[in-house]
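A short worksheet on the structure shown next.
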Amino acid sequence: MSRFEGLRPRAERARPLRQWVSALTAMGLVTLSASALAQPVSADHHLQSRPENLSWGWFPIDKAPVLTIESGATVRIDTLSHHGSTQDEDPLTFLGGFGLAPDEILQDVRDFWASRPERPREGRTGAHVLTGPIEIAGAQPGDMLEVQILEVSARVPYGFNSRGARSGPLSDAYPGTRDGDAGASIARDGRTLIRTAVANGREYALLGAGLRIPIAPFMGIMAVAPQDPTVGQPGVTVAGVQSSRPPGDYGGNLDIKLLTPGATLYLPVFHDGALFYAGDPHGVQGHGEVSGTALEQSASGVFRFVLHKDVGITGPRAETPTHDLI
69 MSRFEGLRPR AERARPLRQW VSALTAMGLV TLSASALAQP VSADHHLQSR PENLSWGWFP
129 IDKAPVLTIE SGATVRIDTL SHHGSTQDED PLTFLGGFGL APDEILQDVR DFWASRPERP
189 REGRTGAHVL TGPIEIAGAQ PGDMLEVQIL EVSARVPYGF NSRGARSGPL SDAYPGTRDG
249 DAGASIARDG RTLIRTAVAN GREYALLGAG LRIPIAPFMG IMAVAPQDPT VGQPGVTVAG
309 VQSSRPPGDY GGNLDIKLLT PGATLYLPVF HDGALFYAGD PHGVQGHGEV SGTALEQSAS
369 GVFRFVLHKD VGITGPRAET PTHDLI
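In my numbering, the protein residues as written are 69 to 394.
What follows is the structure in structure tokens.
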């Protein structure tokens, strides 16, 4: 689903100390306290997920920046999962139905939910809650924005996974689907709450029956404001309104699990200030959202933004410590 065409491995590099520690911990040879792993990365700015800093289901191209920074600055960005914050029921009732206590529900989730009636929805077909935009001073069309991912960490010890009779590989669009194929016996809203916990110094998603999956948080959406959303383009049914569902040359709903701390994303700039958005936080994901979603989990990330003048690229590019994503 991404615009990246593949992975290109780089030459072997010396493994950073943290990779050795992680490997030894996974083998049970090193025990680290949760607090030792959870030391937050400091940032020059903190952009909170308050209602005034959020958009629902689209990338505004003319919204006033909620934060302005200089090139090279770091920003901690709080994001919300749309699971629990966009449904018709209030969060206390909806999330309480999954066994969550009121003190486990972020105040930001409650406040965003209360702001829903005031938000436009025409053409805004995405479900995602997006934090931004951030203005990078001096950015102009034709420049390139470098986004260094320094940290992504969960804000709550739970997330949601959804699946349906026609989602993921069961969808009509999946290769091999034939006319008349029956859907799977899965409820329309096959949503499951998955708890997370720390064991031996590492955070896991607990799937029951002794099965646990290591958490690897990342932002499913990182984007600049799209150039000129035009009816007929993917995700555009109203002029000027770009849905958050499809990815594009602006980035967007990339859902690339490799964009974890240590990776860098490069985006073209289409508007003055670049206008950066982040959202759709994931606790962990497989090779794509195979069941329909990842582990949808509110998260906070720290990013460094570096502006490159007159370096034109046509779409997103990225790199990890081991691969180039092109």
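All residues carry an ideal CB built from backbone N, CA and C; glycine is no exception.
- I137 places its beta carbon less than 9 angstroms from that of I204.
- Nearest to Y345 by C-alpha distance, out of T199, Y318, G210, is T199.
- Beta bridge pairing from DSSP links Y318 with no other residue.
- Around the Cβ of G351, a 10 Å sphere holds 16 or more other Cβ atoms; the residue is buried.
- Look at P170 here: in three-state DSSP terms it is helix.
- In this structure, G369 lies away from D323, with their beta-carbon atoms at least 9 angstroms apart.
- Assignment of beta-bridge partners to Q301 by DSSP yields V299.
- In the structure shown, D348 adopts extended strand secondary structure according to DSSP, grouped into three states.
- Around the beta carbon of H114, fewer than 16 other beta carbons sit within 10 angstroms, so the residue counts as exposed.
- Around the C-beta of A331, 16 or more other C-beta atoms lie within 10 Å, and the residue is accordingly described as buried.
- Between V266 and V224, the alpha-carbon positions lie close to 12 angstroms from each other.
- Shown here, D247 sits in coil according to DSSP, grouped into three states, outside any helix or strand.
- Under the DSSP definition of a beta bridge, P282 partners with Y272.
- Proximity of the segment 180-196 to the segment 358-375 falls short of the contact definition, fewer than three beta-carbon pairs being nearer than 8 angstroms.
- For V143, the pairing in a beta bridge is given by DSSP as H113, F371.
- Assignment of R385 by DSSP, reduced to helix, strand and coil, places it in the strand class.
- Taking all protein chains shown into account, D348 has 16 or more neighbouring C-beta atoms within 10 Å of its C-beta and is therefore buried.
- Unbroken beta strand (DSSP E) stretches of 3 residues or longer found wholly inside the segment 173-214: 197-204, given in chain order.
- DSSP places F162 within a helical segment (H, G or I) once states are collapsed to three.
- Take the alpha-carbon of S366 and the one of P285: they are about 10 angstroms apart.
- Taking the Cβ atoms as the reference, A293 lies roughly 28 angstroms from F228, outside the contact range of under 8 angstroms.
- Distance from the CA atom of A111 to the CA atom of T328, rounded to whole angstroms, is 17 angstroms.
- The criterion of a C-beta distance shorter than 9 angstroms is satisfied by D211 and P336.
- Within the DSSP bridge table, the entry for P336 names M212 as partners.
- Proximity to A277 across E271, I262, G269 peaks at I262, based on C-alpha coordinates.
- Taking the Cα of H151 as reference, the smallest distance to any Cα among R372, F162, A182 is reached at F162.
- In this structure, the CA atom of L375 is about 28 angstroms from the CA atom of P302.
- Each residue's CA atom was taken as its position, placing V220 and D130 some 28 angstroms apart.
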